[in-house]
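Below you'll find the structure, written out as structure tokens, and then a few comments.
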Amino acid sequence: MSPRPINRSRGAKDRRPQQGRGKSAGNGARPTYTPTASNDRAAVAVAVAAREERSIELPDSIVVKDFADLLKISPVQIIKELMKNGIIANINQQIDRDAASVVASDLGFEVKEPEPAERAAPLEIPSVEEEDPALLQPRPPVVTIMGHVDHGKTSLLDVIRQANVTAQEAGGITQHIGAYQVELHGQKITFLDTPGHEAFTAMRARGAQATDIAVLVVAADDGVMPQTLEAADHAKAANVPIVVAINKIDKGDANPDRVKQQLAEIGLVPEEYGGQTIVVPVSARRKQGIDSLLEMLLLVAEMQEYKANPTRSAAGVVIEAKLDKARGPVATVLVKAGTLKIGDAVVAGGTFGKVKALFDDKGRRLRKAGPSMPAEVLGLGAVPAAGDVWKVVADEKIARSLAGERATELQVETPVSPVTLDDLYKQIQAGQIKELNVIVKTDVQGSVEPIVNSLNRLQAEDVRVRVIHSGTGSITESDVLLASASHAVIIGFNSRLEPGAKHLAEENQVDIRFYEVIYKLVEDVQKALTGLLEPKFEEATEGHAEVRQLFKISKSEAVAGVMVTDGKVTRGSRCRVIRGGGVLYDGKVGSLRRFKEDARDVAAGYECGVQIDGFSDFQVGDILEFYRMERVS
Ligand code: GDP
3 MSPRPINRSR GAKDRRPQQG RGKSAGNGAR PTYTPTASND RAAVAVAVAA REERSIELPD
63 SIVVKDFADL LKISPVQIIK ELMKNGIIAN INQQIDRDAA SVVASDLGFE VKEPEPAERA
123 APLEIPSVEE EDPALLQPRP PVVTIMGHVD HGKTSLLDVI RQANVTAQEA GGITQHIGAY
183 QVELHGQKIT FLDTPGHEAF TAMRARGAQA TDIAVLVVAA DDGVMPQTLE AADHAKAANV
243 PIVVAINKID KGDANPDRVK QQLAEIGLVP EEYGGQTIVV PVSARRKQGI DSLLEMLLLV
303 AEMQEYKANP TRSAAGVVIE AKLDKARGPV ATVLVKAGTL KIGDAVVAGG TFGKVKALFD
363 DKGRRLRKAG PSMPAEVLGL GAVPAAGDVW KVVADEKIAR SLAGERATEL QVETPVSPVT
423 LDDLYKQIQA GQIKELNVIV KTDVQGSVEP IVNSLNRLQA EDVRVRVIHS GTGSITESDV
483 LLASASHAVI IGFNSRLEPG AKHLAEENQV DIRFYEVIYK LVEDVQKALT GLLEPKFEEA
543 TEGHAEVRQL FKISKSEAVA GVMVTDGKVT RGSRCRVIRG GGVLYDGKVG SLRRFKEDAR
603 DVAAGYECGV QIDGFSDFQV GDILEFYRME RVS
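Taking the working numbering, the leading residue of the sequence shown gets 3, the next gets one more, and so forth.
What follows is the structure, given as structure tokens:
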């Protein structure tokens, strides 16, 4: 049964008494109190204590009985006060915050607004370092499978999942919700179901890192291929440990030893060669080596000591989300910290809601989901984006305001602050950068090594250059995502930019430079490190106009009445006055007017009045050429 809304008319509000009115005041006058020298300090202490006691915080709604407890007065008095405000409620009824605060004020309590810190708290996953170590518990590792196309990522994900379906679950329908959990020796491992380093880095570029360990799949017959290398670089750039699965060992032409050799060459030296990289031979087809792979993942998890505080309010990452016709917005979330429960108020990216239902990857209803657990959430108001950070807040009101803030933020802001060679020195000076991350793409293999070696040798003050990825071919969307996620710049050496990548780079403000000469490339990066890189400008013609009339304003000022013949003229553009084929003057457009009104720009075919700073000797027939200096990269 829901309570009737309280009468919040002016009358009800205006009856609110002065604070501090007590029963003893009798006729309503304030009690008077004259301090004397002896009881001065004690009085202040009592007054402070009383004020603190009379200051309360209210939740979104509260049961009358609890409200009475909170105010330390009889429920009967609360019910009477509610009646005065036109609301009939019994002792077990819930009243909303508005109603409760009117009654509390009427009774002389000060109602504190919810902590502004909570309202303004950014949408971030709390870091483990900030938690009380006593509350930390081990949590399952979260794994992403990466590798070259056709090396068996999808097959491996399927086999791992099937191998773990117990007899009683086998009849059930496995749900593809974007992530799943398996168990070995009573220990859980979470797998993200979208394989590939692109998904992994796209999520990072949005500011959320979900993965703890990367499994790099290399086909035993095919060996290390370009995307193997790329995936390894993406995992390394994110500081995520790599476990290699050499797949397809069942094949006749499988050559695991050759693969290990190649791995060593790309810096993933296998343990049996004296290196650090765990390598597990597997066959997704024959279901061989799967348990060994899982065991190695648990071993890495044990060494890395992944932990979380399950008792705090939950936060995590959206793995995938969709609009379901029957169920409304459905989001698969990964819990990174805390425990998500039914009824929790959640803000996820630019949307919010109350958790109505939770499901696991086998479609079973859950009451709660702890750290590293993927769960489908029902109850959000809209569909969030994969990679959005979500968190539980005190109530839906706060969720709404945070989601609103977040939505406007998303419209105006890119998730990561871009690094550019032009601004590099400023960022170094401001202490924002300790390392310049670079991605190098070249036309031929032969030029990769000399460029990477020269760049890695560069250093200025305390900043060094780190090539996080290099390769041949054009600059792809994947390169741009990696640059965005890792705050890197991209250098193309005789390399082309793919159209999709160009768009993505503009959107994410990723700095891409093109060179044809190695020494020039290295010189520019060195200059950028030391603040000596001058941005380059190029002239871009905007349009032309012909002078038709003259208006003298004063001795040194004149306005030319012109007809714009092509392009346009913009206030603030630069302008050349051309007479008889020669340039007479070069200056800036001071004012630009149409019909006595200031104009920002005037297009071809229109007449306007132009004034040029420092020039007044126009003649009918002069040609005006308008241009801008544009920064080129
Ligand atoms: P993905 O592109 O990395 O996801 O690769 P898929 O999982 O789609 O596998 C590509 C092809 O390799 C498919 O035809 C699979 O059947 C095959 N494949 C995957 N794993 C194995 C394996 O262990 N042995 C053999 N012989 N073939 C495999």
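Even glycine gets a Cβ: it sits at the ideal position worked out from N, Cα and C.
For E185, which of helix, strand or coil comes out of DSSP? strand
Go ahead and label V151 buried or exposed: buried means 16 or more other beta carbons lie within 10 angstroms of its beta carbon, across all protein chains shown. exposed
With the cut-off set at 8 Å, would you say V450 and W392 are in Cβ contact? Cβ distance not < 8 Å, so V450 and W392 don't count as in contact.
Minimum C-alpha distance to N87 - residue among V105, I75, G180: Of V105, I75, G180, the residue nearest in Cα terms is V105.
To the nearest angstrom, how far is the alpha carbon of A359 from that of A605? 58 Å
Should P142 and K190 be called a contact, given that it needs their Cβ atoms to be closer than 8 Å? A contact, by the Cβ cut-off of 8 Å.
With a threshold of 8 Å on Cβ separation, who are the neighbours of L138 within its own chain once the five nearest residues in sequence on each side are excluded? V130, K309, A310, N311
Below 8 Å on the Cβ atoms is my contact criterion, and I expect A101 with I89 to pass it. Report the Cβ-Cβ distance as a whole number of Å. With a Cβ gap of about 6 Å, A101 and I89 count as contacting.
Reduced DSSP secondary structure (H/G/I, E/B, other) of E541: strand
How is K370 classed by DSSP in three states: helix, strand or coil? Reduced to three states, the DSSP call for K370 is strand.
Under three-state DSSP, which class holds H546? strand
Count the other CB atoms within 10 Å of the CB of Y427; is the residue buried (16 or more) or exposed (fewer)? buried
Nearer than 7 Å: is that true of the beta carbon of R287 relative to any heavy atom of the ligand GDP? yes
Can you list the beta strand (DSSP E) stretches of 3 or more residues lying completely in the stretch 425–470, in chain order? 437–444
In angstroms, rounded to a whole number, what distance separates the CA positions of G254 and L295? 22 Å
Restricting to runs no shorter than 3 residues, where is the beta strand (DSSP E) found entirely within the stretch 322–358? 330–339, 347–350
Which of the three DSSP states is assigned to A234 in this structure? Residue state, collapsed to three classes: helix.
Against chain B, does E559 count as a neighbour if the rule is that its beta carbon must be under 8 Å from one of theirs? Annotation note: the requested chain B is absent from the structure, which comprises a single protein chain.
DSSP puts L295 in a beta bridge; with which residues? L295 pairs with nothing; no bridge assigned.
Tell me the rounded alpha-carbon separation between V357 and L342. Their Cα atoms are separated by approximately 9 Å.
Opposite N249 in the DSSP bridges: which residues? Per DSSP, A221.
Could you tell me whether the stretch 524–531 touches the stretch 550–566, where touching means 3 or more Cβ pairs closer than 8 Å? Under the three-pair Cβ rule at 8 Å, the stretch 524–531 does not count as touching the stretch 550–566.
Residue of E112, I625, D62 minimising C-alpha distance to Q96: D62
Would the beta-carbon of V564 fall within 8 Å of that of E540? no
Please specify which runs of the beta strand (DSSP E), each continuous and at least 3 residues long, are wholly inside the stretch 569–633, giving them in chain order. 576–581, 584–596, 603–605, 609–614
Sequence-distant residues of the same chain with beta carbon closer than 6 Å to L483, five excluded per side: T203, A204, A207
I believe V512 touches S472 by the beta-carbon criterion, under 8 Å. Please report the beta-carbon distance rounded to the nearest angstrom. 16 Å between Cβ atoms; not a contact.
Own chain residues within Cβ distance below 7 Å of F617, not counting five before or after: V579, Y587, G589
Where I64 and R99 are concerned, what is the direct C-alpha to C-alpha distance, given to the nearest angstrom? Cα to Cα, I64 sits roughly 7 Å from R99.
Distance CB(N249)-CB(V226) smaller than 8 Å: Taking 8 Å as the Cβ cut-off, N249 and V226 do not qualify as a contacting pair.
What is the residue span of the beta strand (DSSP E) that N515 lies within? Residue identity differs from the one stated: residue 515 is Arg in this sequence, not Asn. Per DSSP, R515 belongs to the beta strand (DSSP E) from 514–517.
Have a look at E267 and G277 and give me their C-alpha separation to the nearest angstrom. 12 Å
With which residues is D98 paired in a DSSP beta bridge? S63
Who does E1 pair with in a DSSP beta bridge? Because residue 1 is not part of the residues shown, which for the chain are 3 to 635, the question remains open.
Could you tell me if the beta carbon of P2 falls within a distance shorter than 7 Å of some heavy atom in the ligand GDP? As shown, the chain starts at 3 and ends at 635. That puts residue 2 outside it, with no answer to give.
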